[in-house]
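Peer 1:
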């Protein structure tokens, strides 16, 4: 398993409110997480950084010998509690929150968890498939048939999310399982990337190969060339 990640504040934003981390575990599996904070310049950064740190701490040092799904979900619960508590007790952080997408990737399968509109994609055999479902206003409209995917990408309210880590005391993250085969690639990203490049463009960059770092830098460069009004984060994992 190989992993590589990158983040950038983008062209317009003065601060980077995205945060990410990845670890290769002792058994060879890869743990990775991407968070996109919200709630003002300082608070958004606090939320995403706190969520990533607490998620990793909880997963890597579990209180009991839980199965993978429970371990991921408990890590997200602990991150949610930390962000929610800070938002509830610190006046400077009132209303802050963050998206979260995390993956535990093994030799034959990846477990994926998400809250908000940061995404996980699976790229294999010349095809790309989004694993996660956005918790956003435009995604709900697409699901109801009121918007097409193309309309959703440019909708003025495309950044309005309906669920976020830290916004409520209890977490309702979604869980997915993705089979893996040799050569498969997983992409975790914030909406700063997925709003700039279509799924087909993401596929074109990754499918051409050249290594994870090369692909990741090309994804960022394309987003920056198009004006990147938001922070941009991408983590790539290859089986």
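In the numbering used here, the protein residues as written are 1 to 239.
In this text, a Cβ means the ideal position worked out from N, Cα and C, and glycines have one as well.
Which residues bound the alpha helix (DSSP H) around residue 178?
Peer 2: Not the alpha helix (DSSP H): residue 178 falls in the beta strand (DSSP E), residues 174-179.
Peer 1: Keeping to the same chain, check which residues put their C-beta closer than 6 Å to that of residue 161; ignore five residues upstream and five downstream.
Peer 2: Closer than 6 Å at the Cβ level, and outside the excluded window around residue 161, lie 116, 117, 135 and 136.
Peer 1: Count the other C-beta atoms from every protein chain shown that fall within 10 angstroms of the C-beta of residue 157, then say buried if there are 16 or more, exposed otherwise.
Peer 2: That one is exposed.
Peer 1: If we require 4 or more residues per run, which alpha helix (DSSP H) segments fall completely within the stretch 28-109?
Peer 2: Here the runs fully enclosed are 41-60 and 68-89.
Peer 1: Between which two residues does the alpha helix (DSSP H) containing residue 206 stretch?
Peer 2: Element bounds for residue 206: 199-207.
Peer 1: Among 191, 15 and 23, which one has its Cα closest to the Cα of residue 106?
Peer 2: Checking every option, the nearest Cα to that of residue 106 belongs to 23.
Peer 1: I need the straight-line Cα distance from residue 85 to residue 58, nearest angstrom please.
Peer 2: Looking at the two C-alpha atoms, the distance is approximately 16 Å.
Peer 1: For residue 206, does the count of other Cβ atoms within 10 angstroms reach 16, so buried, or fall short, so exposed?
Peer 2: Result: buried.
Peer 1: Residue 127 by DSSP, collapsed to three states: which one?
Peer 2: Here residue 127 sits in strand by DSSP.
Peer 1: Count the other C-beta atoms from every protein chain shown that fall within 10 angstroms of the C-beta of residue 61, then say buried if there are 16 or more, exposed otherwise.
Peer 2: Residue 61 should be labelled exposed.
Peer 1: What is the DSSP secondary structure of residue 133, reduced to helix, strand or coil?
Peer 2: Residue 133 falls in the coil class under three-state DSSP.
Peer 1: Kindly indicate which residue of 231, 168, 8 and 12 has the alpha-carbon position closest to the one of residue 97.
Peer 2: Ranking 231, 168, 8 and 12 by Cα distance to residue 97 puts 168 first.
Peer 1: If I measure Cβ to Cβ from residue 12 and keep anything under 6 Å in the same chain, skipping five residues before and after, which residues do I get?
Peer 2: Here the set comprises 229.
Peer 1: Taking only three categories from DSSP, how would you classify residue 171?
Peer 2: In the structure shown, residue 171 sits in coil (DSSP, three-state: anything other than H, G, I, E or B).
Peer 1: With contact counted as at least three CB pairs below 8 Å, one residue from each stretch, are the stretch 180-199 and the stretch 120-134 in contact?
Peer 2: The answer is yes - the stretch 120-134 touches the stretch 180-199, with three or more Cβ pairs under 8 Å.
Peer 1: Does residue 191 pass the burial test, meaning 16 or more other C-beta atoms within 10 Å, or should it be called exposed?
Peer 2: It counts as buried.
Peer 1: For residue 138, does the three-state DSSP call read helix, strand or coil?
Peer 2: It is helical.
Peer 1: Are the beta-carbon atoms of residue 113 and residue 51 separated by less than 8 Å?
Peer 2: In this structure, residue 51 does not lie closer than 8 Å to residue 113 by Cβ.
Peer 1: Quick one: give me the first and last residue of the alpha helix (DSSP H) that residue 218 is part of.
Peer 2: Here the alpha helix (DSSP H) through residue 218 covers 212-225.
Peer 1: Report the rounded CA-to-CA distance for residue 15 versus residue 195, giving the unit in angstroms.
Peer 2: If I take the Cα positions, the gap works out to 18 Å.
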